[in-house]
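Residue numbers (this note's numbering): 2 to 160.
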């Protein structure tokens, strides 16, 4: 184990492990929410939620606080929904994480949306447009005025 990892708190190492596992399996989300026996931790892979090993009860509060620190949200006010973001490295990739903190019965639900920014983007020809659609888009982008709106669900590749 590297020296810097040894200096990190157990909550830091545990959150890093959850994030690394989620990134390595291609998960789109990591969910931490109150459960019957502590904290329920799940990740969404290919649209399906998979349970992960829950943290020891003694680390739950520190794990929540660590996520709040990384996301840059108010540590003290857990009564209102908050959103934040942070980046982390998974191997040679940079993962952008959007964090949502929602107060719920029994604590708070934390959803971490993972967006891998290191993958290559697609060219216009690789988007799967018909020739007619691609030509219309090229004309629109060449125009001196106007607006093009790109919409779709989170994680669909709009960027």
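All residues carry an ideal CB built from backbone N, CA and C; glycine is no exception.
Label residue i either buried or exposed according to how many other C-beta atoms from any shown protein chain fall within 10 Å of its C-beta, with 16 as the threshold for buried.
i, result
"residue 106", "exposed"
"residue 71", "buried"
"residue 74", "buried"
"residue 149", "exposed"
"residue 81", "exposed"
"residue 1", "Outside the shown range of the chain, which is 2 to 160, sits residue 1, and nothing can be said about it."
"residue 132", "exposed"
"residue 140", "exposed"
"residue 69", "buried"
Kindly list the residues whose CB is nearer than 6 Å to the CB of residue i, restricted to its own chain and excluding five residues on each side of it in sequence; keep chain order.
i, result
"residue 56", "15, 40 and 64"
"residue 26", "46"
"residue 153", "159"
"residue 116", "97"
Please classify residue i: does DSSP put it in a helix, a strand, or coil?
i, result
"residue 37", "coil"
"residue 53", "coil"
"residue 24", "helix"
"residue 66", "helix"
"residue 12", "helix"
"residue 58", "helix"
"residue 140", "helix"
"residue 30", "strand"
"residue 75", "coil"
"residue 97", "strand"
"residue 84", "strand"
Apart from the five residues just before and just after residue i, which ones in its own chain have a Cβ nearer than 7 Å to its Cβ?
i, result
"residue 2", "With a pLDDT of 49 at residue 2, under the threshold of 50, the predicted position of this residue should be treated as unreliable, and no value is reported."
"residue 151", "159"
"residue 51", "43 and 44"
Just reading off the beta strand (DSSP E) that residue i is part of, what are its end residues?
i, result
"residue 109", "108-117"
### Cβ contact (3+ pairs, closer than 8 Å) linking the segment 17-30 and the segment 99-117
At 8 Å Cβ cutoff, the stretches touch.
### Any 3 or more C-beta pairs closer than 8 Å across the segment 17-27 and the segment 79-91
Result yes; three or more Cβ-Cβ pairs closer than 8 Å.
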